[in-house]
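With our numbering, the residue at position 194 of the sequence shown is 287, and numbering never jumps.
For glycine and all other residues, C-beta sits at the position ideal for the given N, C-alpha and C.
First the structure, in the form of structure tokens, and then the observations on it.
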Amino acid sequence: MNIRQMVASDLDFVLNQTTLEGWTSTRCDFEEILHFNPEGSFIGEINGTPVGMVCTVNYGEFGFIGNLIVQNMYRGQNFGRTLMEAAMKHLLETGTKSILLDGVPRAVSLYEQLGFRKIVKSLRLESVLTGQSCEHVRPMIPEDLDKISVSDTSHFGGCREKFLEMRFSSFPEYCKVLKIDDEIQGFIMGSKRDSSIRIGPWVMNSHTPRSEDLLLAFAESSSGNPLKIGVLESNKESLNLLWKHGFRETSHSWRMLYGENTEATLSDHLYAICCPARG
Numbered sequence: 094m095n096i097r098q099m100v101a102s103d104l105d106f107v108l109n110q111t112t113l114e115g116w117t118s119t120r121c122d123f124e125e126i127l128h129f130n131p132e133g134s135f136i137g138e139i140n141g142t143p144v145g146m147v148c149t150v151n152y153g154e155f156g157f158i159g160n161l162i163v164q165n166m167y168r169g170q171n172f173g174r175t176l177m178e179a180a181m182k183h184l185l186e187t188g189t190k191s192i193l194l195d196g197v198p199r200a201v202s203l204y205e206q207l208g209f210r211k212i213v214k215s216l217r218l219e220s221v222l223t224g225q226s227c228e229h230v231r232p233m234i235p236e237d238l239d240k241i242s243v244s245d246t247s248h249f250g251g252c253r254e255k256f257l258e259m260r261f262s263s264f265p266e267y268c269k270v271l272k273i274d275d276e277i278q279g280f281i282m283g284s285k286r287d288s289s290i291r292i293g294p295w296v297m298n299s300h301t302p303r304s305e306d307l308l309l310a311f312a313e314s315s316s317g318n319p320l321k322i323g324v325l326e327s328n329k330e331s332l333n334l335l336w337k338h339g340f341r342e343t344s345h346s347w348r349m350l351y352g353e354n355t356e357a358t359l360s361d362h363l364y365a366i367c368c369p370a371r372g
């Protein structure tokens with residue numbers, strides 16, 4: 094199998110593969126990844142025909158791997174392992190001390206063979222909420238981005254400012270801030286799928302009861318569409334809110350780690366992951 098860099102012209106193939114897997118990925122998801130880290134995603138080819146894919150995101154001291162797919166007819170030939178090894182090599186050669194991923198249960202054994210270890214379950218939940226406007230929640234504006242990026246970096250462990258900017262640019266209607274006493278206490282963002290809306294990222298600077306207001310204001314913007322969210326099982330503050338509002342687990346992955354445990358992406362101030370491919 095030949096491995097080359099993923100480029101924008103590959104996205105039709107990429108989206109076809111995610112659809113076959115039953116994932117709700119969108120073209121925007123991959124455009125954001127390619128914009129953030131243009132040299133970090135890869136296509137596996139046999140005789141010039143794409144048969145597999147994998148993406149990486151480099152946050153500096155740590156990186157993320159996601160979207161590992163090999164076409165069904167080519168499975169069982171170690172192509173997935175080869176793609177993973179290429180992704181890991183790419184990240185490690187850039188100086189990352191640790192690599193994280195969200196692994197679906199059937200792929201965990203492969204990741205463990207490559208040296209990853211399970212840290213915590215990464216839950217997928219869904220609900221339908223009516224929502225409501227809230228006194229301290231307002232729409233995000235461009236001037237907020239610098240401030241929320243600083244707090245996001247502090248809690249997430251790496252800078253994802255480009256992702257925040259692109260998410261705001263693409264889906265401003267789902268971007269809200271919680272502001273109390275002239276201070277931004279938290280923010281929430283989201284993105285539209287074909288038949289649902291995905292929440293994430295959702296970051297709180299403090300565990301105020303007003304965190305609920307962001308969820309309710311977000312739900313009001315969803316126009317009755319199902320809401321989907323990913324959250325680490327260790328985040329009890331977020332989960333208690335979600336259980337309260339009828340969210341139910343639909344599946345789970347395992348947050349897994351290779352290398353040093355820097356605690357990146359594990360803060361309980363992260364009430365939702367952005368997406369499984371990038372934390």
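Item                                                                                                                 : Value
Terminal residues of the beta strand (DSSP E) in which Ser-191 lies                                                  : 191–196
Simplified DSSP assignment, three categories, for His-248                                                            : helix
Exposure of Trp-347, with buried meaning 16 or more beta-carbon neighbours within 10 Å                               : buried
Burial state of Ala-101, where buried means 16 or more other Cβ atoms lie within 10 Å                                : exposed
Cβ-Cβ distance between Val-147 and Ala-180 below 7 Å                                                                 : yes
Whole-angstrom C-beta distance between Val-230 and Lys-269, which should lie under 8 Å                               : 5 Å
Through-space distance from Met-94 to Glu-114, alpha-carbon basis                                                    : 21 Å
Nearest-angstrom Cβ-Cβ length linking Ser-242 and Glu-313, presumed shorter than 8 Å                                 : In fact, because the Cβ distance is near 25 Å, the residues do not count as touching under 8 Å.
Paired residues, beta bridge with His-345 - DSSP                                                                     : Leu-216
Through-space distance from Lys-285 to Pro-369, alpha-carbon basis                                                   : 16 Å
Distance between Glu-305 and Glu-74 (C-alpha atoms, nearest Å)                                                       : What is shown of the chain runs 94 to 372, which leaves residue 74 out entirely.
Delimiting residues of the alpha helix (DSSP H) encompassing Ile-101                                                 : Looking at the sequence itself, residue 101 is Ala, so the reference to Ile does not match. From DSSP, Ala-101 is part of no alpha helix (DSSP H); its letter is neither H nor E.
Under the three-state DSSP convention, the category Trp-116 falls into                                               : coil
Range of the contiguous alpha helix (DSSP H) that encloses Leu-359                                                   : Here Leu-359 belongs to no alpha helix (DSSP H), and DSSP marks it neither H nor E.
Nonlocal neighbours in the same chain, by C-beta distance under 6 Å from Asn-130, ignoring five residues either side : Val-150, Asn-151
Residue interval of the beta strand (DSSP E) (run including Thr-149)                                                 : 142–151
Straight-line gap, Lys-272 to Met-166 (C-alpha atoms, nearest Å)                                                     : 52 Å
Ile-158 in three-state terms, based on DSSP                                                                          : strand
7 Å CB neighbourhood of Gly-352 in its chain, flanking five on each side removed                                     : Lys-190, Ser-191, Ile-192
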